[in-house]
Each structure stands twice: as C-alpha cells, then as structure tokens.
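> Residues in the sequence shown are numbered consecutively from 1267, following the working numbering. Don't be surprised by glycine CBs; every beta carbon is placed ideally from N, CA and C.
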Amino acid sequence: MFCLPSFLFIYSSVTYRAMTTIEEKFAEVAEEVKHLQKRPDNNELLQLYGLYKQATAGDNNTSQPVALRIEAKSKWDSWNSKKGMSKEQAMKEYVEFASSMKTKYGMESQK
C-alpha cells in the first residue's frame, strides 16, 4: 500500500484555507465597495471592473466591442489588460484596491 507523506495534507489544507479566506474577503469587499460615500472616478471604477471580471470569470475571451461603444470598449480594455493574471491574484489586487477606495471615499453610515 502506498501512503502519501502527511505534510502534503497539511500543505493542501493550508492552501485551501488561504484560498477560501481570500474568496471570502473578496466577496465581503465587493459588497462593501457598493456603499462608498462618494463615487470613485471613472479610471478607478474601470480598475475595479477589470479586476472583478478577472477574479470571477478569468481571462477575457469575448469579442472586442466597436470603438463607438465607448463605455463597453473601456470596460473590455480594462478586463483584457488583466489577461494572464490568476483569479486568486486578481482577488488579492481587488481587495487591496477596493480597500484603498474605502479609505479614500469613506463608507455610508449603516442605519
């Protein structure tokens, strides 16, 4: 009978736990960023969008919108600029960037 070394199981559970933690933090921050006191500028919103799409859908494999559809093209460009980034890395960068937006713009008060 072949047995795997016990350290592999420890490493696997630590890796899994870390992934679960970043996924939970990502979901939490993605909800919180909807409640900023002020609206971030368009470049910041596009950065959030690109990271969010990369974190949730992975690499952009959609057709590029025509240039006349400026908003759609800007969003597509932002997401496409993240191509090759892992979902986990995109989640980490989203959490960092969204957290900086919370600090910069403040949060709506909870009632």
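Give the list of continuous alpha helix (DSSP H) stretches no shorter than 4 residues that lie fully inside the stretch 1314-1346.
With a minimum length of 4 residues, the continuous alpha helix (DSSP H) runs that stay inside the stretch 1314-1346 are 1336-1346.
> So residue 1352 is in the alpha helix (DSSP H); what residue range does that whole segment cover?
Within the sequence shown, numbered from 1, the residue matching residue 1352 stands at position 86. Looking at the DSSP string, residue 1352 is not in any alpha helix (DSSP H), and its letter there is neither H nor E.
> Run the CB neighbour count on residue 1313, radius 10 Å, all protein chains shown included, and call it buried at 16 or more, exposed below.
As a working mapping, residue 1313 is identified with position 47 in the sequence shown. With 16 or more other Cβ atoms within 10 Å, it is buried.
> Between the C-alpha atoms of residue 1303 and residue 1374, what's the straight-line distance to the nearest angstrom?
For the purposes of this step, residue 1303 is taken as the residue at position 37 of the sequence shown. For the purposes of this step, residue 1374 is taken as the residue at position 108 of the sequence shown. Whole-angstrom Cα-Cα distance: 5 Å.
> Just grab the DSSP bridge partners of residue 1302 for me.
The residue you call residue 1302 lines up with position 36 of the sequence shown. Note: residue 1302 sits in a beta bridge opposite 1373.
> From the DSSP output, in three-state form, read off residue 1368 for me.
Position 102 of the sequence shown, counted from the start, is the residue given in the question as residue 1368. In this structure, residue 1368 counts as helix in the three-state DSSP scheme.
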